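Trainee: Residue numbers (our numbering): 1 to 137. Just so you know, even glycine gets a beta-carbon here, dropped at the ideal spot from N, CA and C. What you are looking at is a predicted structure, and each value in this text was computed from that prediction instead of being measured.
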């Protein structure tokens with residue numbers, strides 16, 4: 001399977017930022033887990049082009065002090081603009097964000113709520129994508 005698009009990695013960066021910030025604090029271990037998750041799931045190091053795109057999005061959200069909601073909505077917008085990548089890699093996304101929130105050994109109520117929201121939004125988005133593809137046939 002081909003590597004996801006650069007835009008997909010931008011969405012991954014924003015989504016990872018939202019999950020890292022969900023408990024109110026970005027722990028250094030959460031940032032390291034984000035990097036390890038990219039490597040494990042996609043084979044990308046932070047130094048390659050796609051990895052840099054994801055890290056840049058994460059750091060941009062941090063520099064501009066995006067809220068969890070702002071970063072999350074930006075990620076969802078990007079994924080809906082890149083439906084092929086989202087459809088084929090949403091399980092990996094879920095694994096990365098789950099690892100991020102578990103990296104500090106405590107899953108807060110806010111983090112769990114965001115996990116639940118992303119799972120529900122993902123299901124809805126996948127259904128919408130499938131319906132759109134079916135209507136195109």
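1. Give me the Cβ distance between residue 126 and residue 90, rounded to the nearest whole Å; I'm assuming they're in contact under 8 Å.
2. Taking the CB atoms as reference points, tell me whether residue 5 and residue 85 lie closer together than 8 Å.
3. The alpha helix (DSSP H) with residue 67 in it runs from where to where?
4. In three-state DSSP terms, what is residue 97?
5. Pull up the distance between the alpha-carbon of residue 58 and that of residue 119, whole angstroms please.
6. By the 10 Å Cβ neighbour count, where 16 or more other Cβ atoms means buried, how is residue 101 classified, buried or exposed?
7. Can you tell which of 108, 48, 61 has its C-alpha closest to the C-alpha of residue 15?
8. If we require 4 or more residues per run, which alpha helix (DSSP H) segments fall completely within the region 1–67?
9. Pull up the CB-CB distance for residue 75 and residue 11, whole angstroms please, since I reckon it's below 8 Å.
10. Using DSSP with H/G/I as helix, E/B as strand and the rest coil, what is residue 87?
11. What do you reckon, are the CB atoms on residue 53 and residue 95 nearer than 8 Å?
12. Apart from the five residues on each side of it in sequence, which residues of its chain come closer than 6 Å, Cβ to Cβ, to residue 97?
Mentor: If we stick to the structure as given:
1. Numbered from 1 along the chain shown, position 126 holds the residue referred to as residue 126. Numbered from 1 along the chain shown, position 90 holds the residue referred to as residue 90. About 7 Å separates the beta carbon of residue 126 from that of residue 90, a gap short enough to meet the 8 Å contact definition.
2. Counting from one through the chain shown, the residue named residue 5 turns up at place 5. Counting from one through the chain shown, the residue named residue 85 turns up at place 85. Yes, these two residues count as a Cβ contact at 8 Å.
3. Taking the chain shown and counting its residues from 1, one reaches residue 67 at position 67. For residue 67, no alpha helix (DSSP H) segment is defined, and its DSSP state is neither H nor E.
4. Walking along the chain shown from the start, residue 97 turns up at place 97. Residue state, collapsed to three classes: helix.
5. Residue numbering aside, residue 58 sits at position 58 when the chain shown is read from its first letter. Residue numbering aside, residue 119 sits at position 119 when the chain shown is read from its first letter. Straight-line measurement puts the Cα of residue 119 at about 21 Å from the Cα of residue 58.
6. For the purposes of this step, residue 101 is taken as residue 101 along the chain shown, with counting starting at 1. It is buried - the Cβ of residue 101 has at least 16 other Cβ atoms within 10 Å.
7. Counting from one through the chain shown, the residue named residue 15 turns up at place 15. The option with the nearest alpha carbon to residue 15 is 61.
8. Entirely contained in the region 1–67, the alpha helix (DSSP H) runs reaching 4 residues are, in chain order, 6–21, 28–42, 49–63.
9. Locating residue 75 in the chain shown gives position 75, where the first residue counts as 1. Locating residue 11 in the chain shown gives position 11, where the first residue counts as 1. About 5 Å; that satisfies the 8 Å criterion.
10. Taking the chain shown and counting its residues from 1, one reaches residue 87 at position 87. In the structure shown, residue 87 sits in a helix (DSSP, three-state: H, G or I).
11. As a first step, residue 53 must be located in the chain shown, where it is residue number 53. As a first step, residue 95 must be located in the chain shown, where it is residue number 95. No, the Cβ-Cβ distance between residue 53 and residue 95 is not below 8 Å.
12. Residue 97 sits at position 97 when you count from the first residue of the chain shown. 19, listed in sequence order.
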